[in-house]
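Below you'll find the structure, written out as structure tokens, and then a few comments.
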Amino acid sequence: MLIVCPPILKEYWQETFFDFGIRSFKVVSLGKLDEILKASHWKYDYVFIDEAHRFRNEITQGYEQLHQICHGKKVILVSATPLNNKIDDIFSQLKLFQIPKRSTIPGILDLEQFFQSLKSKINKYSKDDPRYMLAVKQASKEVREKILKYVMVRRTRSSIQKYFAEDMAQQGLFFPEIEDPQRLVYEFDQATDNIFNQTIQLIKRMTYSRYTPLLYLKTPLPEFEKQSQRNLGAFMKSVLVKRLESSFHAFRNTLARFVASYEKFIAMYRSGTVYISREINVFALLENDDELRLLELADQQRVEKYDAGLFRDEFIALLENDLQALKQMQDLWNQVETDPKLTEFMAQLKKNKLLKGKKVIVFTESKETGEYLLHHLDQKYPGKIFFYSSSGGLRHSGDSCSGANQAKDIIRANFDPSHESPANEVQILITTDVLAEGVNLHRSNIIINYDLPWNPTRVLQRAGRINRVGTAHSRIYIFNFFPTAQADKELGLEDNIKAKIQAFHDALGEDARYLTDEEVVTTHDILGAELYKRLNDKNLLQGEDEDERTELEQLQLLRKLRDEDPALFERIKKLPRKARTGRAWNGTQFDRLITFFRKGNLKRIYITNGDESSEINFFEAADILACEPQTSRLPIPRHYYELLDYNKDAFEQANSGEPTGRSRGGGRSNEKYLLQILKSNNILYYAGYTDEDEEFLRAVRRALEEGVIARNTAKRIKQQLDKEKDANPLKILAIMRKNIPASLLEEKPDTAAQKGSNKKEVILSEYLQGGHKHEI
Numbered sequence: 004m005l006i007v008c009p010p011i012l013k014e015y016w017q018e019t020f021f022d023f024g025i026r027s028f029k030v031v032s033l034g035k036l037d038e039i040l041k042a043s044h045w046k047y048d049y050v051f052i053d054e055a056h057r058f059r060n061e062i063t064q065g066y067e068q069l070h071q072i073c074h075g076k077k078v079i080l081v082s083a084t085p086l087n088n089k090i091d092d093i094f095s096q097l098k099l100f101q102i103p104k105r106s107t108i109p110g111i112l113d114l115e116q117f118f119q120s121l122k123s124k125i126n127k128y129s130k131d132d133p134r135y136m137l138a139v140k141q142a143s144k145e146v147r148e149k150i151l152k153y154v155m156v157r158r159t160r161s162s163i164q165k166y167f168a169e170d171m172a173q174q175g176l177f178f179p180e181i182e183d184p185q186r187l188v189y190e191f192d193q194a195t196d197n198i199f200n201q202t203i204q205l206i207k208r209m210t211y212s213r214y215t216p217l218l219y220l221k222t223p224l225p226e227f228e229k230q231s232q233r234n235l236g237a238f239m240k241s242v243l244v245k246r247l248e249s250s251f252h253a254f255r256n257t258l259a260r261f262v263a264s265y266e267k268f269i270a271m272y273r274s275g276t277v278y279i280s281r282e283i284n285v286f287a288l289l290e291n292d293d294e295l296r297l298l299e300l301a302d303q304q305r306v307e308k309y310d311a312g313l314f315r316d317e318f319i320a321l322l323e324n325d326l327q328a329l330k331q332m333q334d335l336w337n338q339v340e341t342d343p344k345l346t347e348f349m350a351q352l353k354k355n356k357l358l359k360g361k362k363v364i365v366f367t368e369s370k371e372t373g374e375y376l377l378h379h380l381d382q383k384y385p386g387k388i389f390f391y392s393s394s395g396g397l398r399h400s401g402d403s404c405s406g407a408n409q410a411k412d413i414i415r416a417n418f419d420p421s422h423e424s425p426a427n428e429v430q431i432l433i434t435t436d437v438l439a440e441g442v443n444l445h446r447s448n449i450i451i452n453y454d455l456p457w458n459p460t461r462v463l464q465r466a467g468r469i470n471r472v473g474t475a476h477s478r479i480y481i482f483n484f485f486p487t488a489q490a491d492k493e494l495g496l497e498d499n500i501k502a503k504i505q506a507f508h509d510a511l512g513e514d515a516r517y518l519t520d521e522e523v524v525t526t527h528d529i530l531g532a533e534l535y536k537r538l539n540d541k542n543l544l545q546g547e548d549e550d551e552r553t554e555l556e557q558l559q560l561l562r563k564l565r566d567e568d569p570a571l572f573e574r575i576k577k578l579p580r581k582a583r584t585g586r587a588w589n590g591t592q593f594d595r596l597i598t599f600f601r602k603g604n605l606k607r608i609y610i611t612n613g614d615e616s617s618e619i620n621f622f623e624a625a626d627i628l629a630c631e632p633q634t635s636r637l638p639i640p641r642h643y644y645e646l647l648d649y650n651k652d653a654f655e656q657a658n659s660g661e662p663t664g665r666s667r668g669g670g671r672s673n674e675k676y677l678l679q680i681l682k683s684n685n686i687l688y689y690a691g692y693t694d695e696d697e698e699f700l701r702a703v704r705r706a707l708e709e710g711v712i713a714r715n716t717a718k719r720i721k722q723q724l725d726k727e728k729d730a731n732p733l734k735i736l737a738i739m740r741k742n743i744p745a746s747l748l749e750e751k752p753d754t755a756a757q758k759g760s761n762k763k764e765v766i767l768s769e770y771l772q773g774g775h776k777h778e779i
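Every position in the sequence shown, counted from 1, becomes a number in my numbering once 3 is added.
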């Protein structure tokens, strides 16, 4: 058994499995997947992936590695936030344990076709069209009802409180109540606001040419390389915007690093030779809290050498213009001597009754902002502050970082109620998002988001550190910082805040996704208002839909029936297939028949009025079937079988057109490109291949057709083939062998779930006599 988790959770998983008496397992950090691949990853039968939403993006090396590790194994994904506003998030995670075009999910053989169909329906509308959000919601509903109900177990706070209240009471457990999020508002004076507005315009004006040099080559790039360069430019722009909002201190330091990077690059260009990284994966940089490390990563990928003469003349001019803009921003911010955000923070800690003297957790995305806060707070509250980031822990500004394990133990001792040696030295914990997942911090009940949480899903993850069963606190408090300006007071406080948030978004334009790390599903000019609304919605922090129903309703009913009327429970267990009954129903003017079908693992419920038949979901069926114990049973009428045939026909028609599992011509461009090469006469009829070579290429074709090859792998193969001018068949074979591991090409035997029974069965039917007042 293999467990993949964030580094901070390794000890937790080791203790958990040990407590349950399991000894044959290995826990590995999600950053060490390459080590598992080098070792014997094939020996594991089961793979647990904690915080699985980290792998929702296919275009990362980590996903590609995990995909290879999981292939052919039983996989369990654990996540509080599997969906981040895109149905692609779910599809990516499904592919870790499903073959996309040979799925074992009942009724959906071709997952790729299913999700592509949903995306086509969504993409018919622009994002400012009200129908866009309706299409997104409908697609999400289809994913829940046709996919997730077969592969996901979800337990929300409200469902546990409702259906396990007695169990919780017996154990003395409760959930704390989350209060409405509270605003901490700081104000720019007139001079600072003018500088802020000028800075936004300068950020928008820059081309970020230092980070997109390949776009300026005289020889055009392939489109995928162009997009990779654009991605990096947009990401570096988002770094500037995020640091500007985080703290003036972090922004000044970021400007200094950008200036140094531009000056170094320009000097290199003028020397006649330019070294450039071609394979930068922006998504690998998104969650890095250490900006120095982030910039190193941007420069550390595979480097290639270029003569300066290969670039268009405009390139050097754009580099110089960007550098001038950066230096202009430096000059502007050197004039700012105040920090209204820090001033307001210190004042709130002193005067706010909810904060004064309490254990508080402060989250920031920037390591430098965290260090800045530590420096100032340590002077006011000496010895009571602790800062934690990816680099380790700090007690005092200027100290060297303590190791991660030592720092985590200090944090647990002060904030985890279950720690064996509790301490009370730390009052205020400052941390980046390395502590936003998987850590128990619920000796505190207060979180302050010092930076604007651009992605509200991150707020949910942060709140989860203190919103836990077992806390001694009955209430949870979340504080968010918001900027305003003296000059905009006539707008009113809320509109003033929304305008400032919108200004940050406007600096990025269409690249706002790098600010939020999520799909933007509203019109661009109201993003500020939408984010403000979401950050002040406590339902978001609960992480659930209040209207969502759960099968726990029926499970609780069955459990009650089992305990209170075991004889009736036994009768229900022994009901024969094709069980049927009839009764009067006031939900229709017409006679209806509701039928529950099963075919292998596929289960569907249909209802008909004799003219048409339609599928209904489990909860709709349960509501219709519900009746009082004394309800009179009606005899089955003669036209029962006619109604049954309508439902049978509808079930057969809906499930007779399953995809064959082979591509019908569309598909992702890289995979399609590779298939065209492998199906060309040049490859199919090449006489120089051995039998083993031909078997390998057949397996590769099959894997591409079934969607087994990870997108990153296919992209890399295409890039390598593109660089080979008129690659011969042996070179193509060598590139395929180098990039496609043999373990992905092994045909796995059909499982019992795949085989199933193809026999259609009628499990039960209920005749509903009409003639009453309501139509469904």
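Note that CB positions come from ideal geometry on N, CA and C, so glycine has one too.
In the DSSP assignment, what residue or residues form a beta bridge with residue i?
{"i": "K122", "result": "None, per the DSSP bridge assignment."}
{"i": "A587", "result": "Q772"}
{"i": "R601", "result": "K606, E764"}
{"i": "K308", "result": "Y278"}
{"i": "N197", "result": "Partner(s): none; N197 has no beta bridge."}
{"i": "S617", "result": "I610"}
{"i": "V365", "result": "I433, I451"}
{"i": "G236", "result": "In DSSP, G236 forms no bridge with anything."}
{"i": "C8", "result": "S32"}
{"i": "Y480", "result": "I449"}
Rank the options by C-alpha distance to the C-alpha of residue i and give the top, closest one.
{"i": "S162", "options": "I125, L558, S369, L243", "result": "L558"}
{"i": "F600", "options": "A657, Y375, A237", "result": "A657"}
{"i": "D696", "options": "A717, S672, K726, I735", "result": "I735"}
{"i": "E182", "options": "R607, Y644, N542, K741", "result": "N542"}
{"i": "D725", "options": "I639, L677, G603", "result": "L677"}
{"i": "I743", "options": "P85, Q174, A702, A466", "result": "A702"}
{"i": "S447", "options": "C630, A466, G110, I504", "result": "A466"}
{"i": "M349", "options": "D381, D334, Y214", "result": "D381"}
{"i": "K318", "options": "G773, L352, R273", "result": "The sequence shown places Phe at residue 318, rather than the Lys named in the question. Among G773, L352, R273, the Cα nearest to that of F318 is on R273."}
{"i": "H780", "options": "P179, K35, G175", "result": "Residue 780 falls outside the range modelled here, since the chain spans only 4 to 779, and no answer is possible."}
{"i": "S123", "options": "P133, G110, V139, L112", "result": "V139"}
{"i": "L121", "options": "T107, I93, I102", "result": "I93"}
{"i": "R461", "options": "A624, V437, L36", "result": "V437"}
{"i": "L560", "options": "K602, R537, I619, A629", "result": "A629"}
{"i": "F360", "options": "L748, T584, N427, M171", "result": "As written in the sequence, residue 360 is Gly, which differs from the Phe given in the question. It is N427."}
{"i": "T63", "options": "D37, V78, D48, I79", "result": "D37"}
{"i": "R607", "options": "E623, P216, Q592", "result": "E623"}
{"i": "Q193", "options": "D132, T487, F418", "result": "T487"}
{"i": "Y384", "options": "F167, R595, H399", "result": "H399"}
Roughly how far, in whole angstroms, is the beta-carbon of residue i from the beta-carbon of residue j, given that I think they are within contact range, below 8 Å?
{"i": "H70", "j": "L99", "result": "6 Å"}
{"i": "H379", "j": "L345", "result": "6 Å"}
{"i": "Y278", "j": "K245", "result": "Not a contact, Cβ separation roughly 28 Å."}
{"i": "R705", "j": "K682", "result": "Contact flag wrong, Cβ pair sits at about 12 Å."}
{"i": "F51", "j": "Q96", "result": "Not quite, the Cβ-Cβ distance comes to about 14 Å (not below 8 Å), so this is no contact."}
{"i": "Q464", "j": "T84", "result": "7 Å"}
{"i": "P9", "j": "E54", "result": "6 Å"}
{"i": "L326", "j": "V262", "result": "7 Å"}
{"i": "L352", "j": "L377", "result": "That belief does not hold up - the Cβ atoms of L352 and L377 are roughly 14 Å apart, past 8 Å."}
{"i": "G406", "j": "G395", "result": "6 Å"}
Confirm the yes/no value for this check: CB of residue i, any heavy atom of the ligand ATP, distance under 7 Å.
{"i": "I610", "result": "Summarising the ligand content, the structure contains no ligands, and the ligand ATP is consequently not present."}
task = Inspect the CB distances between the region 323–342 and the region 221–237 and report whether three or more fall short of 8 Å.
result = No, the region 323–342 does not touch the region 221–237.
inquiry  = To test your reading of the DSSP string, which unbroken alpha helix (DSSP H) runs of 4 or more residues are found completely within the region 399–466?
reply    = Within the region 399–466, the complete alpha helix (DSSP H) runs of at least 4 residues are 407–418, 459–466.
message = Across the region 607–614 and the region 643–658, are there enough close Cβ pairs to call them in contact, namely three or more that are closer than 8 Å?
response = Flag = yes, the region 607–614 and the region 643–658 touch.
Ranges of the alpha helix (DSSP H) found wholly within the region 29–107, counting only runs of at least 4 = With a minimum length of 4 residues, the continuous alpha helix (DSSP H) runs that stay inside the region 29–107 are 36–41, 64–73, 90–97.
message = With a threshold of 8 Å, are at least 3 pairs of Cβ atoms found where one atom belongs to the region 196–209 and the other to the region 357–369?
response = Result no; under three Cβ-Cβ pairs closer than 8 Å.
query = Does the pairing of the region 211–230 with the region 564–580 give three or more beta-carbon distances under 8 Å?
reply = Touching, no.
ask   = Taking contact to mean at least 3 C-beta pairs separated by less than 8 Å, is the region 475–486 in contact with the region 183–190?
value = These segments touch.
task = Just list the alpha helix (DSSP H) runs in the region 323–381, keeping only unbroken ones of 4 residues or longer that don't cross its boundaries, in chain order.
result = The qualifying runs are 343–354.
task = Inspect the CB distances between the region 450–460 and the region 247–261 and report whether three or more fall short of 8 Å.
result = A contact is defined here as three or more CB-CB pairs under 8 Å, and the region 450–460 meets this definition with respect to the region 247–261.
Complete beta strand (DSSP E) runs within the region 159–236 (minimum length 3 residues, chain order) = With a minimum length of 3 residues, the continuous beta strand (DSSP E) runs that stay inside the region 159–236 are 185–191.
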